[in-house]
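Engineer: Just dropping this structure here.
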Amino acid sequence: SPSGAFHLFLEWIGAQCGSALADGLVNILAFEESRFRQVNPTLKVQMTPPLREVVTLMEANIEEPLTIEQLCDYAGRSRRQVERLFREQLDTAPMRYYLELRITEGRRLLQHSTLSVLEVAVACGFTSVTHFSKRYSAYFGYPPSKERRLKY
């Protein structure tokens with residue numbers, strides 16, 4: 089699996105170059121499976137084409153999120169079909185997956201850019217810093233303002 093290959097690669101990097109570099113790669117790629125339920129882009133290879141199409145639409149529309157109705161229209165599927173695809177293949181609801189995608193993108197931007205929390209919130213499709221902060225805190229257990237102060 090892509091995830092297994094990635095972990096094998098990290099083990100090799102750790103053996104060749106030291107665990108600090110391997111740990112740094114994990115943090116850069118936001119692949120910390122134990123800290124939170126990862127929205128894992130490598131899962132796309134295991135998705136059926138109809139689900140992959142909806143997820144691709146979501147990924148292409150982080151800054152201006154589409155409604156469930158728009159996603160279904162673009163994908164040519166009914167809402168019920170899309171909800172069933174997400175439930176059966178990803179064990180979550182479509183809009184929950186979309187929110188997690190946006191929040192984890194926000195985390196990546198906070199860790200690897202100089203954008204302000206407001207700029208990150210806007211880049212991830214949130215209408216206010218307050219809304220972004222509440223969703224981020226609920227997901228990660230701490231506010232986005234603390235993200236840059238964390239040591240990795």
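Residue 194 in this note's numbering sits at position 106 of the sequence shown; the count goes up by one each step and never skips. Built from N, CA and C at the ideal position, the CB exists for glycine as well.
Can you tell me whether G229 is buried or exposed, with buried defined as 16 or more other CB within 10 angstroms of its CB?
Structural biologist: Counting Cβ neighbours within 10 Å, G229 comes out exposed, since fewer than 16 surround it.
Engineer: Decide yes or no for the touch test of the region 155-172 against the region 182-194: beta carbon pairs closer than 8 Å, at least 3 of them.
Structural biologist: Yes, they touch.
Engineer: My understanding is that G102 touches A110, with C-beta atoms under 8 Å, so please give their C-beta distance in whole angstroms.
Structural biologist: Confirmed, Cβ separation roughly 4 Å.
Engineer: Does the Cβ of E151 have 16 or more other Cβ atoms within 10 Å, making it buried, or fewer, making it exposed?
Structural biologist: Its Cβ having fewer than 16 others within 10 Å, E151 is exposed.
Engineer: Determine, using beta carbons only, whether Q177 and E235 come nearer to each other than 9 Å.
Structural biologist: No, these two residues do not count as a Cβ contact at 9 Å.
Engineer: Let me know the secondary structure DSSP gives S201 once reduced to three states.
Structural biologist: Note: S201 maps to coil in three-state DSSP.
Engineer: State the Cα-Cα distance for the pair R161 and F220, rounded to the nearest angstrom.
Structural biologist: A quick correction: the sequence has Asp, not Arg, at residue 161. Computed Cα separation, rounded: 27 Å.
Engineer: Please state the DSSP three-state secondary structure of F214.
Structural biologist: The answer is coil: DSSP assigns F214 none of H, G, I, E or B.
Engineer: Return helix, strand or coil for Y227, following the three-state DSSP convention.
Structural biologist: Three-state result, Y227: helix.
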